[in-house]
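Participant: Okay, handing you the structure first.
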Amino acid sequence: MNKKAPIYITLLSSLLLWNCSKDPKSETATEAITEKVVDIVHVSDAQAKNVQLPVGDFEQTIVGEEVTANGKVEVPPQQMISVSVPIAGFVKRIDLLPGTPVRKGQVLAVVQSMEYVQLQQEYLQALSKQKFQEQDLSRQETLNQENVGSKKKLQQIDAEYQTGKAIINGLEEKLKLIGCNIAKLKAGTITPSINVISPINGVTKMVYVNIGKNIAPTDVMMELVSREHMHLELNVFEKDANKVQVGQTFLLENPRLADKPLTGKVILVGQTIEGPTKAILVHGHLDNEVLEQKLVVGQYVNTKILTGKKAVQTLPEDAVVRRGEGGFIFVRLKTNSYQQIPVKLGITENGMVEIILEKTLPSKEIVKANASVLQAMLAGGEGEE
Numbered sequence: 002m003n004k005k006a007p008i009y010i011t012l013l014s015s016l017l018l019w020n021c022s023k024d025p026k027s028e029t030a031t032e033a034i035t036e037k038v039v040d041i042v043h044v045s046d047a048q049a050k051n052v053q054l055p056v057g058d059f060e061q062t063i064v065g066e067e068v069t070a071n072g073k074v075e076v077p078p079q080q081m082i083s084v085s086v087p088i089a090g091f092v093k094r095i096d097l098l099p100g101t102p103v104r105k106g107q108v109l110a111v112v113q114s115m116e117y118v119q120l121q122q123e124y125l126q127a128l129s130k131q132k133f134q135e136q137d138l139s140r141q142e143t144l145n146q147e148n149v150g151s152k153k154k155l156q157q158i159d160a161e162y163q164t165g166k167a168i169i170n171g172l173e174e175k176l177k178l179i180g181c182n183i184a185k186l187k188a189g190t191i192t193p194s195i196n197v198i199s200p201i202n203g204v205t206k207m208v209y210v211n212i213g214k215n216i217a218p219t220d221v222m223m224e225l226v227s228r229e230h231m232h233l234e235l236n237v238f239e240k241d242a243n244k245v246q247v248g249q250t251f252l253l254e255n256p257r258l259a260d261k262p263l264t265g266k267v268i269l270v271g272q273t274i275e276g277p278t279k280a281i282l283v284h285g286h287l288d289n290e291v292l293e294q295k296l297v298v299g300q301y302v303n304t305k306i307l308t309g310k311k312a313v314q315t316l317p318e319d320a321v322v323r324r325g326e327g328g329f330i331f332v333r334l335k336t337n338s339y340q341q342i343p344v345k346l347g348i349t350e351n352g353m354v355e356i357i358l359e360k361t362l363p364s365k366e367i368v369k370a371n372a373s374v375l376q377a378m379l380a381g382g383e384g385e386e
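The numbering used here numbers the first residue of the sequence shown as 2 and each following residue consecutively.
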């Protein structure tokens, strides 16, 4: 048994040496080969006769230069109304929900207030007192004319009368601010109820109160939005800010409103860069006012502002295979041999696509049509690395 042991040790050592001698570079090379992308396709003579694959250089095309701008539908600050009551009370009635249309002059809610009752009472008392002061002043003026009354007393009564008049005027303005009918109040009708009236035609944005809720003058009961001056509020990045001007046309795609892009005009361009977005605010109106009224306040929009013209290198759409925001084109390397080249795509206009190259082309013979056929052949396994 001891004589055989060296043989086993020798065999084991040989195996270890063989494993260690394997070249790791060969494995890496094998893996690298499998990762190579198949991007060259060969076309047979028969296929070349059936498929038209004309080649040529890029075309120089004048296209509309555009700036992408996203944002949302907004209304001016003066069209967003916060509704409150300038006196403390509690909500007796409210029938609104967010989204409920409202009309100018419509009663939105009813609030009852003890302070309102007290204010009306003070007003009527001040009116009654003023009548007495007016009579007293008239009597004192008569006495003074007859040199019977005291001039000092006349001045005192006149001062009290003017003070009472100022109190009445102040109370009356407070009551008008609340919405009190002064004519009915002068007739002796005191009411605890305050009608909260809509100042605009629009829609209810939010409701913050419910029946029975106590409210203070600082409390916002609801928010209303007028749709009369809706506009698009767009963000244009700093790098494109100097390209945008008042009067330029923008395009808005909204399949819910129209099959083709809607046009509009830039009406205002901001002059300051806003916050972390590093963008300027641009305001615009749609040309079609009827369709603009169908937009929803707060709705997200994506537009393209047409800022001018520029010359770019283009290919026909049939020469481009689109993939997401980019795509591929093909160049001829030699007879019946074509290579796929990834590219970035710019503006598409009148059947021509702007091509933005990421690297130098291996050939200037660019396929000008039927690129999708070559792509299908490549995907079908007729290509090579």
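All residues carry an ideal CB built from backbone N, CA and C; glycine is no exception.
On a predicted model such as this, the values are computed, not experimentally measured, just so you know.
Check whether the Cβ atoms of Y124 and E173 lie closer than 8 Å to each other.
Facilitator: Against the sequence shown, residue 124 aligns to sequence position 123. Against the sequence shown, residue 173 aligns to sequence position 172. Going by C-beta atoms, Y124 is nearer than 8 Å to E173.
Participant: Hey, L233 and T304: beta-carbon distance below 8 Å or not?
Facilitator: Position 232 of the sequence shown, counted from the first residue, corresponds to residue 233. Position 303 of the sequence shown, counted from the first residue, corresponds to residue 304. In this structure, T304 lies closer than 8 Å to L233 by Cβ.
Participant: Label R104 either buried or exposed according to how many other C-beta atoms from any shown protein chain fall within 10 Å of its C-beta, with 16 as the threshold for buried.
Facilitator: Reading the sequence shown from its first residue, position 103 is the one you call residue 104. So R104 ends up on the exposed side.
Participant: Can you tell me which of the three DSSP states A70 falls into?
Facilitator: Position 69 of the sequence shown holds residue 70. Of the three classes helix, strand and coil, the one that applies to A70 here is strand, per DSSP.
Participant: Excluding sequence positions up to five away, which residues of its chain have a Cβ less than 8 Å from the Cβ of V111?
Facilitator: Counting from 1 along the sequence shown, the entry for residue 111 is found at position 110. Around V111: V92, K93, R94, I95, S194, I195, N196, V197.
Participant: How many whole angstroms separate the CB atoms of G441 and S199, which I take to be in contact at a CB cut-off of 8 Å?
Facilitator: The structure shown does not extend to residue 441, since the chain is modelled only from 2 through 386, so no value can be given for it.
Participant: Starting from R94, trace the beta strand (DSSP E) both ways and give me its first and last residue.
Facilitator: Taking the first residue of the sequence shown as position 1, residue 94 is located at position 93. Its beta strand (DSSP E) spans residues 90–95.
Participant: In whole angstroms, what separates the C-alpha of K266 from that of N243?
Facilitator: Position 265 of the sequence shown holds residue 266. Position 242 of the sequence shown holds residue 243. Whole-angstrom Cα-Cα distance: 17 Å.
Participant: Got a sec, what are the start and stop residues for the beta strand (DSSP E) K335 sits in?
Facilitator: Locating residue 335 in the sequence shown gives position 334, counting from the first residue. Unbroken beta strand (DSSP E) run through K335: 327–335.
Participant: Where DSSP assigns a beta bridge to F238, which residues make up the other side?
Facilitator: On the sequence shown, position 237 is the one that residue 238 refers to. BP columns for F238 point to A280.
Participant: Can you tell me whether DSSP reads M222 as helix, strand or coil?
Facilitator: Reading the sequence shown from its first residue, position 221 is the one you call residue 222. Three-state DSSP puts M222 in coil, outside helix and strand.
Participant: Which residues in the same chain as N371 place their Cβ atom closer than 7 Å to its Cβ, once the five residues preceding and following it in sequence are excluded?
Facilitator: Translated into positions along the sequence shown, residue 371 becomes position 370. For N371, where only same-chain residues beyond five positions count, the Cβ hits under 7 Å are V52, Q53, L54, D319.
Participant: To the nearest angstrom, how far is the alpha carbon of I356 from that of G57?
Facilitator: Position 355 of the sequence shown, counted from the start, is the residue given in the question as residue 356. Position 56 of the sequence shown, counted from the start, is the residue given in the question as residue 57. Between I356 and G57, the C-alpha separation is close to 14 Å.
Participant: State the start and end residues of the unbroken beta strand (DSSP E) segment that holds G203.
Facilitator: For this step, residue 203 is matched to residue 202 along the sequence shown. First-last of the beta strand (DSSP E) with G203: 203–208.
Participant: Report the three-state DSSP secondary structure of S85 (helix, strand or coil).
Facilitator: The sequence position of residue 85 within the sequence shown is 84, counting from 1. Correct three-state label for S85: coil.
Participant: Kindly give me the distance between the Cβ atoms of H286 and I268, rounded to whole angstroms, as I take these residues to be in contact under 8 Å.
Facilitator: For the purposes of this step, residue 286 is taken as residue 285 along the sequence shown, with counting starting at 1. For the purposes of this step, residue 268 is taken as residue 267 along the sequence shown, with counting starting at 1. Going by Cβ atoms, the distance from H286 to I268 rounds to 6 Å, so yes, they are a contact pair.
Participant: Report yes or no: do the stretch 311–330 and the stretch 344–359 share at least 3 C-beta pairs separated by less than 8 Å?
Facilitator: Contact holds: three or more Cβ-Cβ distances are below 8 Å.
Participant: Can you tell me the Cβ-Cβ gap for I216 and V86, rounded? I've got them flagged as a contact below 8 Å.
Facilitator: For this step, residue 216 is matched to residue 215 along the sequence shown. For this step, residue 86 is matched to residue 85 along the sequence shown. With 8 Å as the limit, I216 and V86 qualify as a contact, their Cβ atoms being about 6 Å apart.
Participant: Among the residues of its own chain, which have a CB less than 8 Å from the CB of N71, if the five just before and after it don't count?
Facilitator: Taking the sequence shown and counting its residues from 1, one reaches residue 71 at position 70. So the qualifying residues of the chain are L235, N236, Y301, V302, N303, T304.
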